[in-house]
Amino acid sequence: MVPFTNHTGVAAPLLTDDMNTDQIAPIMHSRSLKEDYKAMLFHRARHREDGSEDPDFILNKPQFRAAGILVTGQNFGAGSSRESAVWSMLANNIRVIVAKSFADIYRENCLQNGLLPVVLDAEDADDFIGRVVAADGAAPFTVDLVKQRISGPGGSDIAFEIAAADRTRLLEGLDDIGLTLKHMAQIVSWEQRAAAVQPWLQHTQDSRQA
Amino acid sequence: MRGLIFRNAMPRTLFDKIWDFHRVGQRADGRDLIYIDRHVLHELHAHHAFAQLAKQRRPVHRPDLTFAVQDHTVATKPGRDDDTNPSGTAFIKAMREGCRQNGIRLFDIDDPEQGISHVVAPELGIVLPGATHAVPDSHASTVGGVGALAFGCGTSELAHVLATQVMALKRPKRMRVRLDGRLGAHVSAKDVALRIIAELGVAGARGHVVEYAGSAVGAMPIEQRMTLCNLNIEMGGRSGFVAPDEATFSWIAERPFAPQGAQWDRALESWRTLTTDENAAFDREVTLDCAALEPQITWGTDPSQVVDISGRVPEPGAVDPSRRAAAENAFAYMGLAPGTPLAGLPVDRVFIGSCTNSRLPDLQAAAAVVRGRRVATGVVAMVVPGSSSVKREAEAAGLDRVFRDAGFFWGESGCSMCAGGNGDRGQPGERCVSTTNRNFENRQGAKVRTHLASPATAAATAIAGRIADVRQLLSEVA
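If you read the sequences in order, they're chains W and X.
Start counting the first sequence at 67; every next residue gets the next number (this note's numbering).
Start counting the second sequence at 200; every next residue gets the next number (this note's numbering).
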């Protein structure tokens, strides 16, 4: 995973709640194992019925076409667990999402891929949204994970909280599987214990083939 | 100093008991490593995870506890094969190859027990009470209906489970939803679940594992409990389950992968202790009286926008201010003015299926409505059984004839029109009553207007050609 220390970019305000992963990364009509994640991001919202770009969609506006930070409302990433809803952000160089809250699975998928999910409480979020709207893409914001601060036009730095462990994982770009594999001896001994007390869990057999 | 006396331990919830038993240890970053007893893959995620592991030269730790099912992209046309849905072909083949290389039991597209993973795993006894379960799909907690603790995940976490057989999780909070009262005629778990989501909102259970309890849950057959737990994610829940009881144990007994003989007796003894202790503390408790509940239906574009079947699209003033913009958006997308009654709205399409409502009792409930009647002219109506086993059982009971004689399409098993990943989609502007789980914009096809409801309501709607109250339809003299 690519480590995350800080990211500077235009912040685009997508001011809706409950944005779901069907909207973020719609299922494309012709799909393949190597999808075009860049094109997938908000594919439906970005286009009108005739297939042309919808100039009113926030990421189609000239000042937000190269946005690096997405600013949104409550419960971002609800719905399907599809990880393409994170990969499509990264494919567009959006490496930070600032929200009032995230859906659980989406947040996990962010952490797995070095996409920083920042949660601001309602007051800070509204303050930040005001500054993002006022900046209107004219000047970038910087999100610094080392200092846990957002800086940019329109006011002083905004501090944000993130669990220390999640912060470390992002800063160091830690390999999640590698972290767990350090516990393989514990896993194997758990398996042995479980096999003794709940053997049906450690064993699968189709009884018709016994 | 005295030794450990469990007798005096704090009362615990069933969630805590299952979590604590499966807790292998704690990782350096503070996450609990939770052992996954049963892991089921599907083709949309599998190839990415297999490719990642191959690149890292990491083996699958427990292929014997891992299963795979082709479900999201498979066509439903009779006689289907890998190529019937061309956009699924590469996914189907890649998972087949990954399973072969890694020694994983695959329920392939032509397997007599293929189906939707959440339907197949419990019906074969692969998932068991008190077991932990992971699926790279948000509806994983469907199997909570048999008392399993299931977690949906993404592709990276899927690779993690393949390599380690554990998930690294933060301990969720506990919530109990108590459902009291006896459900009325033609009111089902689907109606109950939609009402819960309406009351709690689409993020109402975020960060929580939900235990569904109470007399209404106890009275539900296991398949209905699965419907209830399936919809848990639609209010953002991390997982959801029903504590197993004697009905669960009878349901599981004799299923092919369930323990047999002396193992069964031992398992049963253990499963009977899978209860929440009296006085165990929950972070949140909610109670809902279901006695007067009507059939429910969604009017909008998220699963919390729900009304009684006799209800009307709400006036903006009646909507919580924080949800008003979403409501305005939904009025426009759904083509519905505030105050419009739901019953009587003409529909173009009806879909009965998905991990939410495609088990045999769901099809029986729909068939009971359809029997001897005809689908209204101009309505495209489909039934897609949740598994090939369900399909076979339904055919043995003659349900396929009931549906086909009425004018329904009777398909091969898979996820089908739930997310349209197999090409089964509606046409722009169509109004569709669907037994699925998400009424999101464009999910069932571009501009398709989805109303979520129970199988009985969907069946009644297909017959009437308009959104219908099944209770009225059945009370009319034919």
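Glycine included, C-beta positions come from ideal geometry on N, C-alpha and C.
Specify, as a first and last residue, the run of the alpha helix (DSSP H) that residue i falls within.
i	result
residue 241 of chain X	Segment 237-241 is the beta strand (DSSP E) holding residue 241 of chain X; no alpha helix (DSSP H) there.
residue 602 of chain X	598-605
residue 471 of chain X	Premise fails: residue 471 of chain X is in no alpha helix (DSSP H) and is neither H nor E.
residue 563 of chain X	559-569
residue 391 of chain X	388-399
residue 530 of chain X	523-533
residue 242 of chain W	242-247
residue 269 of chain W	Run containing residue 269 of chain W: none; DSSP gives neither H nor E here.
residue 210 of chain W	It is not in any alpha helix (DSSP H) - residue 210 of chain W instead sits in the beta strand (DSSP E) that spans 207-210.
residue 341 of chain X	Run containing residue 341 of chain X: none; DSSP gives neither H nor E here.
residue 326 of chain X	Premise fails: residue 326 of chain X is in no alpha helix (DSSP H) and is neither H nor E.
Per DSSP, what kind of secondary structure is residue i in: helix, strand or coil?
i	result
residue 481 of chain X	coil
residue 79 of chain W	strand
residue 260 of chain X	coil
residue 85 of chain W	coil
residue 204 of chain X	Confidence at residue 204 of chain X is low in this model, with a pLDDT of 44, below 50, so the placement of that residue is unreliable and no value is reported for it.
residue 118 of chain W	coil
residue 360 of chain X	helix
residue 675 of chain X	coil
residue 254 of chain X	helix
residue 609 of chain X	strand
residue 211 of chain X	coil
residue 142 of chain W	strand
residue 227 of chain W	strand
residue 348 of chain X	strand
residue 94 of chain W	coil
residue 572 of chain X	coil
residue 232 of chain W	helix
residue 368 of chain X	strand
residue 216 of chain W	strand
residue 185 of chain W	strand
residue 230 of chain X	coil
residue 128 of chain W	helix
Per the DSSP calculation, residue i is bridged to which residue(s)?
i	result
residue 441 of chain X	X:411
residue 137 of chain W	W:79, W:164
residue 309 of chain X	Residue 309 of chain X is not bridged to any residue.
residue 651 of chain X	X:633
residue 379 of chain X	X:488
residue 507 of chain X	X:495
residue 113 of chain W	W:119
residue 586 of chain X	X:314
residue 374 of chain X	X:409, X:483
residue 550 of chain X	X:581, X:633
residue 271 of chain X	Bridge partners of residue 271 of chain X: none, in fact.
Go ahead and label residue i buried or exposed: buried means 16 or more other beta carbons lie within 10 angstroms of its beta carbon, across all protein chains shown.
i	result
residue 134 of chain W	buried
residue 260 of chain X	buried
residue 281 of chain X	buried
residue 203 of chain X	Note that residue 203 of chain X scores a pLDDT of 43, beneath 50, so its modelled location is shaky; the value from the coordinates is reported in the next line. The residue in question, residue 203 of chain X, is exposed, as its Cβ has fewer than 16 Cβ neighbours within 10 Å.
residue 174 of chain W	buried
residue 205 of chain X	In this prediction, residue 205 of chain X has a pLDDT of 48, which is less than 50 and means its spatial position is unreliable; nothing more can be read from the coordinates.
residue 200 of chain X	In this predicted model, residue 200 of chain X has a pLDDT of only 39, less than 50, meaning its place in the structure is not dependable; the value taken from the coordinates is given anyway. By the 10 Å Cβ count, residue 200 of chain X comes out exposed.
residue 121 of chain W	exposed
residue 408 of chain X	buried
residue 475 of chain X	buried
residue 744 of chain X	Nothing can be reported for residue 744 of chain X, as the shown portion of chain X is limited to 200 through 677.
residue 144 of chain W	buried
residue 488 of chain X	exposed
residue 296 of chain X	exposed
residue 268 of chain X	buried
Check for me: the beta strand (DSSP E) holding residue i runs from which residue to which?
i	result
residue 224 of chain X	222-225
residue 288 of chain X	Here residue 288 of chain X belongs to no beta strand (DSSP E); instead the alpha helix (DSSP H) covers 288-301.
residue 452 of chain X	Taken as a continuous stretch (DSSP letters only), residue 452 of chain X belongs to no beta strand (DSSP E), as it is neither H nor E.
For a contact meaning CB atoms closer than 9 Å, what does residue i contact in chain X?
i	result
residue 228 of chain W	Chain X residues near residue 228 of chain W: none, gap ~12 Å exceeds 9 Å.
residue 71 of chain W	By Cβ distance, chain X contributes nothing, its closest Cβ being about 18 Å from residue 71 of chain W, past 9 Å.
residue 234 of chain W	227, 228
For a contact defined as C-beta to C-beta under 7 Å, what are the partners of residue i on chain W?
i	result
residue 504 of chain X	Those within 7 Å of residue 504 of chain X in chain W number zero; the least Cβ separation is about 11 Å.
residue 462 of chain X	265, 266
Interface residues of chain X around residue i at Cβ under 8 Å?
i	result
residue 98 of chain W	286, 289
residue 179 of chain W	355
Using a cut-off of 8 Å between C-beta atoms, extract the partners of residue i located in chain W.
i	result
residue 325 of chain X	270
Residues of chain X with a CB under 7 Å from the CB of residue i: which are they?
i	result
residue 113 of chain W	Within chain X, no residue comes near residue 113 of chain W; the closest Cβ sits about 10 Å away, beyond 7 Å.
In chain W, what lies closer than 9 Å to residue i by C-beta?
i	result
residue 246 of chain X	99
residue 359 of chain X	178, 242, 243, 246
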